[in-house]
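Student: If you want our numbering, it's the 1-based position in the sequence shown plus 1474. Take this structure, written in structure tokens, and hold onto it; I'll ask about it next.
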Amino acid sequence: MSGSGKGPRVQAMFARIVSRYDLMNRLMTGGMDRGWRRLAARLCEPQGKLALDLATGTGDLAVELVRQGARQVVGVDFCPPMLGAASEKTGLLGSRIRLLAGDAMALPFADESFDCAANGFLLRNVADLPRALRELARVLKPDGRLVCLEITHPPSRLFRALFQPYFYGLVPWLGSLISGDGAAYKYLPDSLSRFPDAPRLAQSMREAGFSEVNYRYLSFGAMAVHVGVKGLEK
Ligand SMILES: C[S@@+](CC[C@H](N)C(=O)[O-])C[C@H]1O[C@@H](n2cnc3c(N)ncnc32)[C@H](O)[C@@H]1O
């Protein structure tokens, strides 16, 4: 999936798998996804801040940002059924989480609206990665932190040899079994093959106006979490 029609196709795909999305995350990652989001939220340094969770999906990262002290989190997603699932989960947190429909390609916010921003498993899915990063830079206040959690290309050849049969073989099979949507869980590894590796993603963040960009690999390099700070000058 690539090119100009990617947005609507991704939107339709997430609408189809929403009911099994959380379960598949837990199964595919052996529950590790929770720890990755906890770390991403911590690196966002959200205490007392207004935070954006872009592509909030079923809301797990938004909840984590609140748990770690965000004053308020705005969770944005372009897939209404995902937002529906998020609202069931985040209902108890009341006004600390606001959910809003919006597209990462053109965020419905004024410049410099947020103190910090995070996204989990968004960037592989966008039609135009530089544009999504520029939008994130635009809506952040100067010095605002951006944290991006995403699947990546494991740097170790040995781990890649173990990871690839799992990710390109077992995950689509399991996804098809659990969600009944083989295409969606074939898309998952396909979307990684077209996605930049961690050093190149860091470079794209710099080009979008972020400084102090750094990243760390998680789970033997199957995941990466990137952090950047919006520079004073773009
Ligand atoms: C893999 S899910 C991640 C959800 C959540 N962040 C998490 O950690 O589980 C990707 C989400 O990105 C959303 N998404 C993809 N492209 C988007 C875009 N251009 N604008 C807004 N949301 C988008 C999808 O609707 C989906 O909910």
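Don't be surprised by glycine CBs; every beta carbon is placed ideally from N, CA and C.
How many angstroms separate the CA atom of R1500 from the CA atom of F1641?
Tutor: For the purposes of this step, residue 1500 is taken as residue 26 along the sequence shown, with counting starting at 1. For the purposes of this step, residue 1641 is taken as residue 167 along the sequence shown, with counting starting at 1. Distance between the alpha carbons of R1500 and F1641 is about 15 Å.
Student: Helix, strand or coil, according to DSSP, for R1598 in the structure here?
Tutor: In the sequence shown, residue 1598 corresponds to position 124, counting from 1. Three-state DSSP puts R1598 in a helix.
Student: Do L1524 and Q1546 count as a contact pair if the criterion is CB distance below 8 Å?
Tutor: Taking the sequence shown and counting its residues from 1, one reaches residue 1546 at position 72. Taking the sequence shown and counting its residues from 1, one reaches residue 1524 at position 50. Their beta carbons are under 8 Å apart, which means Q1546 touches L1524 by this criterion.
Student: The alpha helix (DSSP H) that contains M1556, what's its start and end?
Tutor: The count along the sequence shown starts at 1 and reaches residue 1556 at position 82. Where M1556 is concerned, the enclosing alpha helix (DSSP H) stretches over 1554-1564.
Student: Am I right that V1620 and W1510 are in contact with their C-beta atoms under 8 Å? What's the rounded C-beta distance?
Tutor: Position 146 of the sequence shown holds residue 1620. Position 36 of the sequence shown holds residue 1510. In the sequence as presented, Val is not what sits at residue 1620; that position holds Leu. 16 Å between Cβ atoms; not a contact.
Student: By the three-class DSSP mapping on this structure, what secondary structure does P1616 have?
Tutor: Here residue 1616 is taken as the residue at index 142 of the sequence shown, counted from 1. Strand at P1616.
Student: How close, in whole Å, do the beta carbons of P1628 and G1549 come, if the pair is a contact with beta carbons under 8 Å?
Tutor: In the sequence shown, counting from the first residue as 1, residue 1628 sits at position 154. In the sequence shown, counting from the first residue as 1, residue 1549 sits at position 75. So it is not a contact: roughly 29 Å between Cβ atoms.
Student: Beta carbon of C1590: closer than 7 Å to some heavy atom of ligand 1?
Tutor: The sequence position of residue 1590 within the sequence shown is 116, counting from 1. Checking every heavy atom of ligand 1 against the Cβ of C1590, none is found closer than 7 Å.
Student: Can you check which of these residues, A1559, A1515, C1590, is closest to A1575 by C-alpha distance?
Tutor: As a first step, residue 1575 is located in the sequence shown; it is residue number 101 there, counting from the start. It is A1559.
Student: Pick out the complete alpha helix (DSSP H) segments inside the stretch 1512-1550, 4 residues or longer, and give them in chain order.
Tutor: Within the stretch 1512-1550, the complete alpha helix (DSSP H) runs of at least 4 residues are 1534-1541.
Student: Can you tell me which of G1533, G1702, P1482, L1636 puts its alpha carbon nearest to the alpha carbon of V1687?
Tutor: If you number the sequence shown from 1, residue 1687 lands on position 213. Comparing Cα positions, the closest option is G1702.
Student: Helix, strand or coil for D1589, going by three-state DSSP, please let me know.
Tutor: Here the question's residue 1589 lines up with position 115 in the sequence shown. DSSP places D1589 in strand when its eight states are reduced to three.
Student: Under the rule that 16 or more other beta-carbon atoms within 10 Å means buried, what is E1538, buried or exposed?
Tutor: Residue 1538 sits at position 64 when you count from the first residue of the sequence shown. E1538 is buried by the Cβ-count criterion.
Student: I'd like to check one pair, S1685 with G1705: are the Cβ atoms closer than 8 Å?
Tutor: By 1-based counting over the sequence shown, the position of residue 1705 is 231. By 1-based counting over the sequence shown, the position of residue 1685 is 211. Yes, Cβ-Cβ distance for G1705 and S1685 is below 8 Å.
Student: Which of the three DSSP states, helix, strand or coil, is assigned to M1487?
Tutor: Numbered from 1 along the sequence shown, position 13 holds the residue referred to as residue 1487. Three-state DSSP puts M1487 in a helix.
Student: When DSSP labels each residue in this structure, what does G1702 get in the three-state scheme?
Tutor: Residue mapping note: residue 1702 aligns to position 228 of the sequence shown, counting from 1. Strand at G1702.
Student: If you pair each beta-carbon of the stretch 1589-1609 with each one of the stretch 1560-1572, do three or more pairs fall below 8 Å?
Tutor: They do not touch, by the three-pair rule.
Student: Using a Cβ-Cβ cutoff of less than 7 Å, which residues in the same chain neighbour R1634 once the five nearest sequence positions on both sides are dropped?
Tutor: Residue 1634 sits at position 160 when you count from the first residue of the sequence shown. Answer for R1634: P1628, listed in chain order.
Student: So, with DSSP's three-state summary, where would you put L1610?
Tutor: Within the sequence shown, numbered from 1, the residue matching residue 1610 stands at position 136. DSSP places L1610 in helix when its eight states are reduced to three.
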